[in-house]
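What follows is a set of notes on a single structure, which appears directly below.
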Amino acid sequence: MLDPGLDDRQDFPGQSSRPQGRGYAASGRGTAARPLHRRRAVGAAVEGRAVDKVAQRRSELAAAALETLAELGYARTGLRDIAARSEFSHGVLHYYFRDKVELITHCVREYKARCATRYDEAVATATTAEDLVAGFLREQTATLTGEPQMHRLWYDLRNQSMFEPAFRADVAGIDLLLERMVGRVVSRYAELSGTRPRISPTAFYAVLDGLFQQALLRQLAGDPEAAASLREAVQEVLPQLVH
Numbered sequence: 001m002l003d004p005g006l007d008d009r010q011d012f013p014g015q016s017s018r019p020q021g022r023g024y025a026a027s028g029r030g031t032a033a034r035p036l037h038r039r040r041a042v043g044a045a046v047e048g049r050a051v052d053k054v055a056q057r058r059s060e061l062a063a064a065a066l067e068t069l070a071e072l073g074y075a076r077t078g079l080r081d082i083a084a085r086s087e088f089s090h091g092v093l094h095y096y097f098r099d100k101v102e103l104i105t106h107c108v109r110e111y112k113a114r115c116a117t118r119y120d121e122a123v124a125t126a127t128t129a130e131d132l133v134a135g136f137l138r139e140q141t142a143t144l145t146g147e148p149q150m151h152r153l154w155y156d157l158r159n160q161s162m163f164e165p166a167f168r169a170d171v172a173g174i175d176l177l178l179e180r181m182v183g184r185v186v187s188r189y190a191e192l193s194g195t196r197p198r199i200s201p202t203a204f205y206a207v208l209d210g211l212f213q214q215a216l217l218r219q220l221a222g223d224p225e226a227a228a229s230l231r232e233a234v235q236e237v238l239p240q241l242v243h
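UniProt numbering numbers the first residue of the sequence shown as 1 and each following residue consecutively.
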């Protein structure tokens, strides 16, 4: 799929009626004959640039859509709502995305892929279990208070996947990324504390995700103690996940 604004013209002018032979393409007016392999290479490069530009434009549109989606949620947002709140027209959005399902999954997939590495620095730099917990909680509470609408959109999409089959593969993939992220934290915590994980990575994820979701509900309701309560709960639970 090419953007109507992309220049997909060939680099070669109109061809002559000479037969092509010996591995050479017909030349244009006054243009030396070019080997077929060179034409194919140039064509592939042009196509690659077009694909890269399409991917870049989709990412730009997704970034513009995230704010509206996070504010209104899945059920109340259509492509026209996103267009009305961004610099892009409804036609442009519809050109790059079939419908709001494709756009929303693209948005959340990109956002959560970034989130999935949020705690990697804390895991890599911690030298004690206490350092790791402090770094983990610092990042977790920062994203709770700084980006609650984005997390709300993720939980909204995950709930919608129970009704909308089109979401299920992407939701499962994102959940797996987040499960692995939590698994890295708990495995490193066990290593630094000289213990072993008590339960499976899937169970770790369910526990910590549940705590975060409960804190998110409180944060969105305006509870000023939501972050502090999350910090306290995680500090209480983590030692119970290892033995």
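All C-beta atoms in this analysis are idealised placements derived from N, C-alpha and C, irrespective of residue type, glycine included. These numbers were taken from a predicted model, which means no experiment stands behind them.
Do you know whose CA, among the options, lies nearest residue i's CA?
| i | options | result |
| --- | --- | --- |
| V207 | L69, G183 and T141 | G183 |
| R57 | S193, L93 and Q213 | L93 |
| G194 | F88, G78 and E130 | E130 |
| L66 | Q140, A166, L153 and A203 | L153 |
| R114 | A203, I174 and P148 | I174 |
| Q140 | P224, D209, D223 and L61 | D209 |
| V171 | V108, A134 and G146 | V108 |
| I104 | A83, A142, A134 and L157 | L157 |
| E110 | H90, E164, A142 and S59 | S59 |
| G146 | A134, G222, A83 and A203 | G222 |
Roughly how many whole angstroms lie between the Cα atoms of residue i and residue j?
| i | j | result |
| --- | --- | --- |
| T127 | Y119 | 15 Å |
| L241 | K112 | 25 Å |
| H106 | R231 | 31 Å |
| Y95 | A116 | 29 Å |
| D81 | T68 | 8 Å |
| R98 | L176 | 26 Å |
| R22 | K53 | Residue placement at R22 is flagged as unreliable, the pLDDT there being 47, under the threshold of 50; a coordinate-derived value is accordingly withheld. |
| P239 | L137 | 14 Å |
| A190 | V123 | 11 Å |
| K168 | Y74 | Correcting the residue identity first, residue 168 is Arg in this sequence and not Lys. In a straight line, the C-alpha of R168 is about 15 Å away from that of Y74. |
| R196 | E102 | 41 Å |
| P224 | E71 | 20 Å |
| A83 | A62 | 11 Å |
| Y155 | G91 | 28 Å |
| E164 | P148 | 24 Å |
| A142 | A55 | 30 Å |
| G135 | M162 | 34 Å |
Excluding five sequence neighbours on each side, which residues of the same chain lie with their C-beta closer than 7 Å to the C-beta of residue i?
| i | result |
| --- | --- |
| R198 | L241, V242 and H243 |
| T77 | T68, L69 and K100 |
| Q160 | Y74 and F167 |
Which same chain residues, not among the five before or five after residue i, have their C-beta less than 6 Å away from its C-beta?
| i | result |
| --- | --- |
| Y205 | E179 and V182 |
| H151 | L216 |
| T31 | Unreliable positioning characterises T31 in this predicted model, as indicated by a pLDDT of 49, which lies under 50. The coordinate reading is nonetheless provided below. Here the set comprises nothing. |
| S89 | A83 |
Round the Cβ separation of residue i and residue j to the nearest angstrom and send it over; I've been treating them as touching at under 8 Å.
| i | j | result |
| --- | --- | --- |
| residue 303 | L220 | One cannot answer for residue 303 here, as it falls past the ends of the chain, which runs 1 to 243. |
| S229 | R218 | 7 Å |
Take residue i and list the residues in its own chain whose beta-carbon comes closer than 8 Å to its own, dropping the five residues that flank it on each side.
| i | result |
| --- | --- |
| L132 | A122, V123, A126, V185, R188, Y189 and L192 |
| L144 | H151, F212, A215, L216, Q219, A226, A227 and L230 |
| E236 | none |
| T202 | E179 |
| A64 | I82, S86, E87 and F88 |
| L79 | H90, L93, H94, F97, D99, K100 and L103 |
According to DSSP, what are the bridge partners of residue i?
| i | result |
| --- | --- |
| P197 | V242 |
Is the Cβ of residue i closer than 9 Å to any Cβ of chain D?
| i | result |
| --- | --- |
| G222 | Looking at the structure shown, chain D is missing, and only one protein chain is on hand. |
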